[in-house]
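Chains as they are written, first to last, in my numbering: chain A, 1 to 179; chain B, 1001 to 1524; chain C, 2001 to 2316.
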């Protein structure tokens, strides 16, 4: 309850502003045909109608919420901190997943790309990134990093890697479709 | 070719699929899925849809995109769907922890029974009720879906089909969750996400100039992100806040003598709940949790009038309470395929993944055209889609038979799953999900998009907004827009095509009515 | 036209023989790693199936690793945009239709693609594009349909902007107006016609079985030549439309591709379309393989692209 306004009312106002932005700025500017178009001497529905309708549905929802605010659950500072922590962890883990292989093989003559389908090189990124992701996430939840959790993370990544890679030769593990 | 030829061909398609170790592959897949489903259902923190989502890419890699792939893959998913429901009762009874949300009501009487040393009896009641509800629901599905589809196809033209989609979406947004406003916001966001880069024009709309979005938002990324990652983020934060995940409560007495299994007393409760669950399941958007709640409360009312004086009351270990809950939540799984097969509209998360599977494999487009006799090809050839539909029905009955025969035995052996700590399990689920997305999309961008939608799902859960309207609107958005475009073009650019024929107009009035009516329900 | 097709088919077969024999010598080009095969069509349809069968056949006969992948949307433009900047070493190819590089590339100005951005490998099959209606409409000829269209507006199902333009021009040439309903994919036109949501529509071979059994009728050929199945149906030229829906499935690679890679992959695909599982499927669904390749294919793609502007102007 801030300024006599419930969390749901704030949510409704923010969402309403977003909906108006969609209807009046995003949809008209980021589509090439209008609400309706004249094509082959007849009117057809253009590409802007769908997004406008979606925006209108959001706006109606926001108005109804404004009229009848509900359970009033607001995001807390803890929630936002949690999100920041998750984002940081994902950034590190996915960076490792994407670049660990190429960095490890930077010294070699060929580089990583020709080896992207060759064991064991093509597991480097996935195993490292997966270990950090699983171990780090368990640690975040328990508020304590432990070697054991990273070991479990490594084991899980290895099992997942083998599960996809051994039986199916046309499946590509991360990050080997990007390099 | 008549209906019966299709039925027979559908049954044969299941039982004459390539055998592995002498068992037809489709039957084998239903069995595997069913056992996996029970295990997953018995694991608190995991649910059927999660297992369906993660298995799908693996299944597609095994079976490929051919027509032969459809039945084994769908059979497996249907097995999971059915198994998870009965599996959810196991930890509810043994440890007072529902394995799936719809088993919450089972804890009310199941755990007290287990404390009294009647755990085996409670599990038997749960299994029997669950299997009965399931069978009843499947029979209703087989009788209703083709009929409804034919009705739709013969009476509804393009404008009416557009109006029907609008009605379904309005209904879903209104009935899910506590607030119509939030339901509509969730749905609008889903529609908006469905619009990204999907226009008819060559310009990729709403992509903000990002080439990575030019192919649209990958369907699996949005759905798995919102439904699975959102849940994982939230559950892990709960553990982070509350300390260690609550250790499971052991049942006081380990002795498990067989209580008297009085079928005649249970049957009326099972019957009522099966009907309730089936009706709820047939409506898009109303899930098995509500079915379980309704089944339980209606049984409670009846029970208080008719119970014997010395029998335990509801909440104190009455087998009738378990029966009412389990029959209701299990009878949702068959009926929720009625809107899927006859209209192409998914009603709950499990149906979402079935549609996703049909979409990814191709060759089967759920919707009214499935049940056209003559199959769109000719009078003397089978309609492959209709054969497939009866094949799907057959896999449901196979799962049913497994449920009756080995379900009860297996379910007693998965109690141990409840002891896996969530904080270890959920990060692995996350990695599995991201890997599953990557093997489908082969791009790190898709992984980031999935994480983005994971945060969307997390925020929705934190502000008490159901993510299900988002997911359903995301799936139906393209369909709705395409149908509207076609209706507009077909009527010679009539701007009032939704209003100038009686059926379409009735659907639209109903859609508005359902929203207004739901507004009147008291906000909590 | 038929003779050219025959000649190209023979040429294709010869080049296959040449290619296979050079493999035996051990000097042949082979990919360094897996080949990514982008498919511009939804999974499960005829286009997708034939591409995947070709990939399987190549894996089986040459041992190359092929990775089929769906890149759908915008009539093949999405796949072409994705392909454009891929490596030119033969590790990335795409299956589109000639219309993707012709009309669609010309219409999608923002995408910035033209035939010169790509190396054509080979076509695999052509479309038997007909104007089709359900037999129980009672129309036995194109004129019957036009007579009905004069009574009340008919709904004409199409599956691409180019075909919508053609439907419009057909109406104009015949003095009637169609309500043109554009849907996604040939299957959707078929379903729409069957369900009665549309009165007639373009079908590119999917109508074969239905026409054979008498459920569907080919009213006209949208090609510059008569349909194989219904040779008596008039062509678009006969009906006063100077454009046609002639088109093929075609494999392309990024521009500037290593010629050795181009020849080897072209030969591999052409062989797959004429033998093995892919050939069987192509015969059944598209009436046989058509392998236009090399300079002839380059010329075809360029002329389609150039002709697109005239068609777009004609419907203004």
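Each residue gets a CB set at the ideal place from its N, CA and C atoms; glycine is no exception.
These numbers come from a predicted model, not from an experiment.
Neighbour flag for residue i against chain C, beta carbons, 9 Å
i	result
residue 102 (chain A)	no
residue 27 (chain A)	no
residue 1222 (chain B)	no
residue 119 (chain A)	no
residue 7 (chain A)	no
residue 1066 (chain B)	yes
residue 149 (chain A)	no
residue 114 (chain A)	yes
Endpoints, alpha helix (DSSP H) assigned at residue i
i	result
residue 2302 (chain C)	2294-2314
residue 1320 (chain B)	1319-1330
residue 2286 (chain C)	2276-2286
residue 2150 (chain C)	2142-2151
residue 1162 (chain B)	1158-1175
residue 2167 (chain C)	2161-2174
residue 1192 (chain B)	1180-1195
Integer-rounded CB distance, given that residue j should sit under 8 Å from residue i
i	j	result
residue 1083 (chain B)	residue 1038 (chain B)	4 Å
residue 1051 (chain B)	residue 1036 (chain B)	6 Å
residue 2080 (chain C)	residue 2096 (chain C)	6 Å
residue 1073 (chain B)	residue 1060 (chain B)	7 Å
residue 1053 (chain B)	residue 1405 (chain B)	Contact doesn't hold; Cβ gap of about 28 Å is too wide.
residue 2249 (chain C)	residue 2093 (chain C)	No, residue 2249 (chain C) and residue 2093 (chain C) are not in contact; Cβ-Cβ is about 13 Å, not under 8 Å.
CB contact below 9 Å: residue i versus chain B
i	result
residue 57 (chain A)	yes
residue 2184 (chain C)	yes
residue 2194 (chain C)	yes
residue 2086 (chain C)	no
residue 98 (chain A)	yes
Euclidean distance between Cα positions of residue i and residue j
i	j	result
residue 2172 (chain C)	residue 2239 (chain C)	10 Å
residue 2144 (chain C)	residue 2217 (chain C)	12 Å
residue 2305 (chain C)	residue 2297 (chain C)	12 Å
residue 2269 (chain C)	residue 114 (chain A)	24 Å
residue 2117 (chain C)	residue 2257 (chain C)	10 Å
residue 2290 (chain C)	residue 2141 (chain C)	29 Å
residue 1243 (chain B)	residue 1423 (chain B)	10 Å
residue 1495 (chain B)	residue 45 (chain A)	10 Å
residue 2220 (chain C)	residue 61 (chain A)	50 Å
residue 1302 (chain B)	residue 1066 (chain B)	51 Å
residue 1047 (chain B)	residue 1415 (chain B)	15 Å
residue 1489 (chain B)	residue 43 (chain A)	8 Å
residue 1228 (chain B)	residue 1454 (chain B)	7 Å
residue 1266 (chain B)	residue 1323 (chain B)	7 Å
residue 2135 (chain C)	residue 2233 (chain C)	15 Å
Closer than 9 Å to chain A by CB, residue i
i	result
residue 1484 (chain B)	yes
residue 2099 (chain C)	no
residue 2179 (chain C)	yes
residue 1161 (chain B)	no
residue 1187 (chain B)	yes
residue 2164 (chain C)	yes
residue 2066 (chain C)	yes
Any non-hydrogen atom of the ligand HEM within 8 Å of residue i CB
i	result
residue 1070 (chain B)	The ligand HEM is absent from the structure shown, which contains no ligands of any kind.
Close Cβ partners of residue i (< 6 Å) along its chain, the five nearest in sequence each way excluded
i	result
residue 1284 (chain B)	1168, 1172, 1339, 1345, 1347
residue 1194 (chain B)	1474, 1477, 1478
residue 1189 (chain B)	1470
residue 1330 (chain B)	1085, 1130, 1133, 1134
Neighbourhood of residue i by C-beta, 8 Å cutoff - its chain only, sequence neighbours within 5 removed
i	result
residue 1182 (chain B)	1463, 1464, 1465, 1466
residue 1418 (chain B)	1042, 1043, 1044, 1090, 1091, 1094, 1095, 1097, 1099, 1248
Opening and closing residue of the beta strand (DSSP E) in which residue i lies
i	result
residue 2216 (chain C)	2216-2221
residue 2047 (chain C)	No beta strand (DSSP E) holds residue 2047 (chain C); the alpha helix (DSSP H) holding it covers 2046-2062.
residue 2038 (chain C)	2035-2039
residue 2095 (chain C)	2092-2097
residue 2067 (chain C)	2066-2070
residue 2248 (chain C)	2248-2254
Cut-off 7 Å between Cβ atoms - residues of its own chain near residue i, not counting five sequence neighbours on either side
i	result
residue 30 (chain A)	none
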